[in-house]
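Chains as they are written, first to last, in the working numbering: chain A, 128 to 363; chain B, 897 to 1154; chain C, 1225 to 1518. Report on one structure; see the data block that follows.
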Amino acid sequence: MATPLVVSEVFKSFTMHLRDGIKLPVVNDVNFSVAAGECVVLGGPSGIGKSSILKMLYGNYAVDAGQILVNHQDRIVDIAKADPRTIIDVRRQTMGYVSQFLRTVPRVAAIDVVAEPLVARGIEAAIAKENAAELLSRLNLPRELWSLPPSTFSGGEQQRVNIARGFITSHRILLLDEPTASLDATNRRVVVEMIAAKKEEGVAMLGIFHDEEVREAVADRILDVSAFSPRKAIAA
Amino acid sequence: MSDNPLLKVSGVSKFYGSRIGCKDVNFELWPGEVLAIVGESGSGKTTLLNCISTRLLPTAGSVEYRMRDGNFRDLYHMSEAERRFLMRTDWGFVHQNPADGLRMTVSAGANVGERLMAVGDRHYGKIRETATDWLGRVEISADRIDDQPRAFSGGMRQRLQIARNLVTGPRLVFMDEPTGGLDVSVQARLLDLVRGLVNDLGLAAIVVTHDLAVARLLSHRMMVMKDGFVIEHGLTDRVLDDPREPYTQLLVSSILQV
Amino acid sequence: MSADLATYNFAYLDEQTKRMIRRAILKAISIPGYQVPFASREMPMPYGWGTGGVQVTASIIGPEDVLKVIDQGADDTTNAVSIRAFFQKVADVAVTTHTKDATIIQTRHRIPEAKLTEGQVLVYQVPIPEPLRFLEPRETETRKMHALEEYGLMHVKLYEDIAINGRISKTYAYPVKVDGRYVMDPSPTPKFDNPKMHMSDALQLFGAGREKRIYAVPPHTDVVSLDFEDYPFEIQTFEQDCALCGAHGVYLDEVVLDDKGGRMFVCSDTDHCEDRREHGHVGAMLAPNQEAAE
């Protein structure tokens, strides 16, 4: 089976046109890959470009050069060059993303927010909801919140909705952007278990975890993003 | 994923005398895809929408549409009869001002039923049943079916307009600032509704808006227009999170944060 | 009157105008139900008094014709009497009140009860020829709708009727489809008369003077009233018979007799009523036994 995710010679900078066009390099020459069943954690000080890497992989950031190769339904897709339609299909079928913050949709109930990725893949709404309910109870989200839109939830509650939404599918690749940031110890442990289960299923995961305990528990490998820092390159 | 686009827009330009309405616009739209066209007033987004939807004839360019039989037809070379038939069966057009898209002096039920009658439905009971069902889907209670849209609030009118457009099961819907002029809570409800319907029905849609939040919520893909030109085009998340063009950066940085 | 005073041309209109109108009529006959624009003239009567019908009649009438004019079925109301007098004066033609004797019948809204025959021409005075007008005010748009046969809107009107009244309550100017193609407003005739237009042996011409349109239904043409499958077209029915002639199944007018609620229903078609009475039919009101009227 091909490696699910290969990043090769990726460069990224921002050009700030509103600030006289200054160019802010973000990362240079990023190279790594994530194998099936592996959880790679991005390490390094904050501001070094960890989140940017995740956003590039997910298509939210464009890249200046290089390739981001995703094994999508038995073919290789280069996210760096793919058209929007392909990226959307990759997101729907292959690559999931759990961000720190939930982008809430007005009026949609928490349980439907969680079930949506399954429904989008053509799974019957009732079954999708069942799965969603299972995940939410596992994450200890009080049942009375399930039918409410999550926009009024606390940070931790929103995050649990977000995690459930990210973990509900059988995506082969998962990007995790500090999914445990505002969780208590119990729920952190649940997430660690869930990540372990995904590993068992052969899901390739790439994440950012600031919590050392969680990091120790889930990481197969830590990738130091400082190695790709343009500042380092300049200094050298 | 279907292998053929629904719509192919190539080199569409519209000039008003020597002024540019829109210039050399190219894109393809696939079934189920929602494209947002954003830009400030006067940037040419409505001109473009009107050209694509054949409400306006462009100065140059072509728009090909994949008919239900699978064949592509150049919209500007269709007979007017065919085009109008397409517009009231396979397409929808949601106007910013519901009064432009509704018949204000006939009942809600007849507004929804008109398209059915236009394609030959002649059974009052069935037409009414379908209309009732659609009113429900846009969250208008069934007991308002005989009321005229004049008696409806702005949000209800807009929802009625959407039902009127979707009743024939169109494959492509054009929306011109669908939430313009509605207050925020009504906007949210409408957006959610549109989003749900688009997902459920697998509609392709082209949405003109100056509201980037609307674009983010509804669209997969986004085109940014300025002075008649498409200056940036890509995945909605990408354009909003990593805008490349100076104007887009300005636009994105101008969003009020709540 | 001195002989050198200017005199009217036969039937008032000049020959060029008549030719123009005849061309419009021929075109209208060729395209049943289609509204042909024509250069409507000023007539010596106000709009709304039948200027369209009068121009059509003036263009087709000849010295041998026998003219009947009815207003709401009656030969003796102001409008009918005036128009009849007008043609007597400007064309010196024979006039009649008997449907069967007339070659041209100009009507403001009724179709006579007696079946019209081949060779007769029924000329309708039309106020608003466009059936789509009340729903679509733009002339450019209604023309396009006719051209493209987009008639969904017509049913919207009928839908509204059922939604509001529980049935199609439109009783006059009830839209019809002519020869399977054009939707036509049969002028404000009661829908009771619609079936008589269908496959009529007579030629039917429609003139709208103010709106400057002529349209036609040639003899033996399909004229179908629009309806819904579950709300089929129906004509009015009357419980009573004509109080004067006892006729049943004809269109009746209500006549108020006093200010104590007294009323009677009589034939709207006066000629038909008189003819029946001449042939010995007697209604309740004229019957020797007044009890029968109760």
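The beta carbon of each residue, even a glycine, is placed where N, CA and C say it ideally should be.
Residue pairing for Thr1105/B: DSSP places it in a beta bridge opposite Val934/B. The stretch 964-980 of chain B makes no contact with the stretch 1050-1059 of chain B; the number of CB pairs closer than 8 angstroms stays below 3. Contact annotation: in the stretch 1097-1108 of chain B, no residue has its CB less than 9 angstroms from a CB in chain A.
Cβ neighbours of Gly1098/B within its own chain (closer than 6 angstroms, five residues either side excluded): Gly928.
Using beta-carbon distances, Ile300/A does not count as an interface residue toward chain B, since no partner is under 8 angstroms. In this structure, Ala1100/B keeps its C-beta atom at 8 angstroms or more from the C-beta atom of Val934/B.
Within chain B, the residues placing a beta-carbon under 8 angstroms from that of Val1380/C are Arg999, Val1002, Ala1006, Gly1009, Glu1010, Met1013, ordered along the chain. For Ala162/A, there is no enclosing beta strand (DSSP E), as DSSP gives it neither H nor E. Bounds of the beta strand (DSSP E) holding Leu302/A are 300-304. Taken atom to atom, the span from the alpha-carbon of Ser1393/C to that of Ile1386/C is near 7 angstroms. Assignment of beta-bridge partners to Tyr1348/C by DSSP yields Thr1331/C, Phe1430/C.
Note that the stretch 1453-1462 of chain C does not touch the stretch 1274-1288 of chain C; fewer than 3 beta-carbon pairs, one per stretch, sit closer than 8 angstroms. For Ile1127/B, the uninterrupted beta strand (DSSP E) run begins and ends at 1125-1131, by DSSP. Rounded to whole angstroms, the gap between the alpha carbons of Met1269/C and Ile1245/C is 18 angstroms. Using beta-carbon distances, Ser949/B does not count as an interface residue toward chain A, since no partner is under 8 angstroms. By the C-beta criterion, the stretch 1314-1334 of chain C is judged to be in contact with the stretch 1287-1298 of chain C, since at least 3 inter-stretch pairs fall below 8 angstroms. In this structure, DSSP gives Gly997/B a helical state, which the three-state scheme calls helix. DSSP places Arg1011/B in the uninterrupted alpha helix (DSSP H) bounded by 1004-1014.
Spatial neighbours of Val1474/C in its own chain (CB-CB distance under 6 angstroms, excluding positions within 5 residues in sequence) are listed in chain order as Glu1337, Cys1491. Assigned with DSSP and collapsed to three states, Ser140/A falls in strand. Chain C places no beta carbon closer than 8 angstroms to that of Tyr972/B, leaving this residue out of the contacts.
Val930/B is a Cβ neighbour of Val1094/B, given a cutoff of 8 angstroms.
With contacts defined as CB atoms closer than 8 angstroms, Leu1086/B and Thr1075/B qualify as a contacting pair.
Here the alpha carbon of Gln1312/C sits roughly 21 angstroms from the alpha carbon of Leu1429/C. The C-alpha of Asp1465/C lies about 18 angstroms from the C-alpha of Ala1298/C.
Annotation: Leu1099/B is outside any alpha helix (DSSP H) and is labelled neither H nor E by DSSP.
At a cut-off of 8 angstroms, the C-beta of Lys182/A has a neighbouring C-beta in chain B.
Rounded to whole angstroms, Phe981/B and Arg212/A show a C-alpha spacing of 29 angstroms. Note: Val1278/C is not bridge-paired with any residue in the DSSP secondary-structure output. Inclusion of Ile916/B and Gly1065/B in the CB contact set at 8 angstroms is not warranted, their separation being larger than that value. For Gly329/A, same chain residues with a beta-carbon under 7 angstroms away, outside a window of 5 residues either side, are Ala163, Gly164 in chain order. Looking at the DSSP output, Phe989/B bridges to Phe1070/B. Between Arg270/A and Val1380/C, the alpha-carbon positions lie close to 48 angstroms from each other.
For secondary structure counted as the alpha helix (DSSP H) over 4 or more consecutive residues, the stretch 156-242 of chain A holds these complete runs in sequence order: 177-185, 211-220. Taking a Cβ-Cβ threshold of 9 angstroms, the residues of chain C close to Ile1023/B are His1379, Tyr1383, Phe1452, in chain order. Between the stretch 1123-1139 of chain B and the stretch 945-956 of chain B, the count of Cβ pairs shorter than 8 angstroms is below three; the stretches do not touch.
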